[in-house]
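Trainee: A single structure is presented below for examination.
Protein chains in written order, with our numbering: chain H, -16 to 635; chain R, 1213 to 1342.
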């Protein structure tokens, strides 16, 4: 193998001569010189060999049988133009020489040949051939590279411009033409200055001069933004990346130019959008905030925070949970827990009271929603905290106003109730004046005292209900007890008629709320029930426990509410009553009160059969102990009809 | 005199005043009892005046009055009420209620109203028989 490959690496030479002696002699000589030699004796064979094998050179006799030497030479040149052919001939004439050389022969060696001349000529021929092949390869590679470069440049979406050291344009691609609207012919040799508006030209010229004199440049190798000038005179924003290189012919510049009109527009739009966002968030009265889900980093808080919380935004960025410091310590844990668990699900909607450093308090309604990335993972929480102090005051006022309105309906009942004992007092007092029997006088005086006490009781009951809520702090309330009190109030209304009251109060924990507000809930619900029953029916009041909630229900056997109105009944000013009979605020106030305490109210109704309102309120958890159960059997009360388990009571 | 009121504090002084003024008085606690009393008394003209409360359990004043007006159309009715309800009062006046008294009512006003009503009733009865 080694020998074989060593043999194959030796240059191959074809000797063509009809004289076997010459062939042998040349073969020996060239083998000795390190060539591999094939010998053939006529032109046809020679052409066959050249077609089949790659020779480095051919030694060709001019006088051959079949084909003459010149024909062979011509055919060989056609097959492989770079194959050097050395002519060997005894018929040396200048004419022959010129003829063969003009047909492509490499050299001409006369017979009888000089060995030295043959080997030297052959070496030179082979060297020249190798050089020619190499040169051809380089040329091809260069050509390919240029072609590649040209196609890249031409097909580039960016404009590519090449200029000389004087800033004259040398090359110009299709994108440049598309961008500047000049053809390559129009700009060739022109100054780069035609591509820029007047404002840039002076600086451009200084840059070109400086580069030429000192080799320094402020823009080479950088990407800069400028304005470009089109052939039609319009300007546009562009981004320019400039490079330079030096050759013996001087310095050249290449610039890659990109039209950034759209990018600028997008940037402008983004900036405007950011500006708008900033204007909105910095001017709204609500606090807009954004955090990471872990709540350890405050990404943004709008300046309204300073206004509402009375603390700086910087302090919140520095300590992202410091907004909680303003909340009453008893309430802080609840809000923090809600923030950590509900914000990520979008269910965070908390109301809390904060105290500002100056000692004033504000009510805050804080809502949040999660922001998800493309994969659906929550990576930010955005929220809005609103100062609802005024709204809350108005709400409280509304509740108070509605209470006065419902008081109005109760007044006629109260008047009736109170005027009966007053009638007794007046009547007995008048009779006593003319009564002479001391025994009778004493009896009537006792009557008067009893009637007076009755008046006092009614007045006290009424005062309990009407008491201003300002002096009414949240206390532990038993819902069964409150319903019993409420029914006592409503019972005095003329419309109560002959309604049976059924109570089914289970032992339930107390709730924490203002008594007047809870009373108002039940007075309103029971009044509605009574009105729905139009003087006859059964009113069922019940309480029970369900998980963390105490449930109180008020059921009537009245006219019911049409299904299509059920969704509207809690809206303010929605009423089905005749004008003057109701404010339309009753149920909306009930709804506000119940939700204010984190509770819920539901309604079920069948037209013609009755309606059931269900109030759900959280039982008292503020003491962290087991819920306080109220025993309805032993609870002392000034209520005349305490419920004991389930019982049916009837008016008198 | 038929006095109908569910409240003893009203019944007692009214009855005492009427008795003292010389009327024969029968009291009832509610509308149903009043109807029973009238129906069992045997004579449709037993009562010269019915003095009736408006708001009572069982059968309230308005229902009782409607009944009286049908059954004993000639007996004058005076209603007593704790709260003035003008709509209802007007309605009852149209039904033939003679007068109404607003509680608390003084003895003087009570007796004066009853005197007028009884006199009126006597005139009507005389007209009816002649």
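All C-beta atoms in this analysis are idealised placements derived from N, C-alpha and C, irrespective of residue type, glycine included. Predicted model only: the values in this text are computed from it and were never measured.
Quick check: is the beta carbon of residue 1290/R nearer than 8 angstroms to any beta carbon in chain H?
Mentor: no
Trainee: Report yes if the CB atom of residue 1294/R is closer than 8 angstroms to the CB atom of residue 512/H, and no otherwise.
Mentor: No; because the gap between Cβ atoms is not below 8 angstroms, this pair is not in contact.
Trainee: Apply the 10 Å Cβ neighbour rule to residue 115/H and answer buried if 16 or more other Cβ atoms are within range, or exposed otherwise.
Mentor: exposed
Trainee: From what residue to what residue does the alpha helix (DSSP H) around residue 161/H run?
Mentor: 157 to 163
Trainee: Grab the span of the alpha helix (DSSP H) containing residue 288/H for me, first residue to last.
Mentor: First-last of the alpha helix (DSSP H) with residue 288/H: 287 to 292.
Trainee: Apart from the five residues just before and just after residue 326/H, which ones in its own chain have a Cβ nearer than 6 angstroms to its Cβ?
Mentor: Exclusion of the five residues before and after residue 326/H leaves 351 and 364 as the residues of its chain whose Cβ lies within less than 6 angstroms of its Cβ.
Trainee: Flag this pair as yes or no: are the beta carbons of residue 538/H and residue 480/H separated by less than 8 angstroms?
Mentor: no
Trainee: Enumerated in chain order, which unbroken segments of the beta strand (DSSP E) with a length of 3 residues or greater are wholly contained in the region 108 to 138 of chain H?
Mentor: Scanning the region 108 to 138 of chain H from its first residue to its last, no whole beta strand (DSSP E) run of 3-plus residues comes out.
Trainee: List the residues of chain H whose Cβ lies closer than 9 angstroms to the Cβ of residue 1213/R, in chain order.
Mentor: None at all; the shortest Cβ gap to chain H is about 15 angstroms.
Trainee: Cβ atoms of residue 159/H and residue 143/H: under 8 angstroms apart, would you say?
Mentor: yes
Trainee: Residues of chain H with CB under 9 angstroms from residue 1317/R, in chain order?
Mentor: 406, 409 and 410
Trainee: Can you grab the Cα-Cα spacing for the pair residue 1260/R / residue 1318/R, in whole Å?
Mentor: Distance between the alpha carbons of residue 1260/R and residue 1318/R: 21 angstroms.
Trainee: Could you confirm whether any beta carbon from chain R is found closer than 8 angstroms to the beta carbon of residue 414/H?
Mentor: yes
Trainee: Let me know the beta strand (DSSP E) ranges lying completely inside the region 232 to 282 of chain H, each 3 residues or longer, listed in chain order.
Mentor: 233 to 242 and 270 to 274
Trainee: Just mark residue 458/H as buried or exposed, buried being the case when its beta carbon has 16 or more other beta carbons within 10 Å.
Mentor: exposed
Trainee: Grab the span of the beta strand (DSSP E) containing residue 588/H for me, first residue to last.
Mentor: 583 to 589
Trainee: Over what stretch of residues does the alpha helix (DSSP H) that includes residue 21/H continue unbroken?
Mentor: From DSSP, residue 21/H is part of no alpha helix (DSSP H) but of the beta strand (DSSP E) over 19 to 23.
Trainee: Would you say the region 1231 to 1248 of chain R touches the region 425 to 443 of chain H, given that touching needs at least three Cβ pairs under 8 angstroms?
Mentor: no
Trainee: Taking the C-alpha atoms as reference points, what is the distance between residue 1213/R and residue 1249/R?
Mentor: One C-alpha to the other measures close to 12 angstroms.
Trainee: Excluding five sequence neighbours on each side, which residues of the same chain lie with their C-beta closer than 7 angstroms to the C-beta of residue 279/H?
Mentor: 303
Trainee: Check whether the Cβ atoms of residue 1322/R and residue 1231/R sit closer than 8 angstroms, and answer yes or no.
Mentor: no
Trainee: Would you list the one or two residues that DSSP bridges to residue 639/H?
Mentor: In this structure chain H extends from -16 to 635, so residue 639/H is not present and cannot be described.
Trainee: Check each candidate in 1221/R, 1284/R, 1252/R and 1320/R and name the one with the smallest Cα separation from residue 1309/R.
Mentor: 1284/R
Trainee: For the region 430 to 445 of chain H, which residues have a beta carbon sitting closer than 9 angstroms to at least one beta carbon of chain R?
Mentor: 430, 433, 434 and 437
Trainee: If we define contact as Cβ-Cβ less than 8 angstroms, is residue 1221/R a contact residue for chain H?
Mentor: yes
Trainee: Among residues of its own chain, excluding the 5 on either side of residue 634/H, which ones have a beta-carbon nearer than 6 angstroms to its beta-carbon?
Mentor: Because the pLDDT at residue 634/H is just 33, under 50, the model does not fix this residue reliably, and the value given afterwards should be weighed accordingly. Here the set comprises nothing.
Trainee: Which bits of chain R does residue 400/H rub up against, with CB to CB less than 8 angstroms?
Mentor: 1294
Trainee: Please list the segments of the alpha helix (DSSP H) lying wholly inside the region 312 to 360 of chain H, counting only runs of 4 or more residues, in order along the chain.
Mentor: 312 to 325
Trainee: Run through DSSP, which three-state label would residue 602/H get?
Mentor: coil
Trainee: Against chain R, does residue 609/H count as a neighbour if the rule is that its beta carbon must be under 8 angstroms from one of theirs?
Mentor: With a pLDDT of only 43 at residue 609/H, under the threshold of 50, the placement of this residue in the model should not be trusted; the figure read from the coordinates follows. No, residue 609/H does not count as interfacial toward chain R.
Trainee: With which residues is residue 364/H paired in a DSSP beta bridge?
Mentor: 274/H and 353/H
Trainee: Quick one: is residue 403/H near chain R, going by C-beta distance under 8 angstroms?
Mentor: yes
Trainee: Just checking my contact of residue 346/H with residue 372/H at CB under 8 angstroms: how many whole Å lie between their CB atoms?
Mentor: 5 angstroms
Trainee: Who are the Cβ neighbours of residue 340/H in its own chain at under 8 angstroms, not counting the five residues just before and after it?
Mentor: 293 and 294
Trainee: Give the single residue among 603/H, 330/H, 360/H and 370/H whose Cα lies nearest to the Cα of residue 336/H.
Mentor: Of the listed residues, the one whose Cα sits closest to residue 336/H is 370/H.
Trainee: Jot down the residue ranges of each uninterrupted beta strand (DSSP E) in the region 510 to 560 of chain H, minimum 3 residues, whole runs only, in chain order.
Mentor: 519 to 529 and 532 to 538
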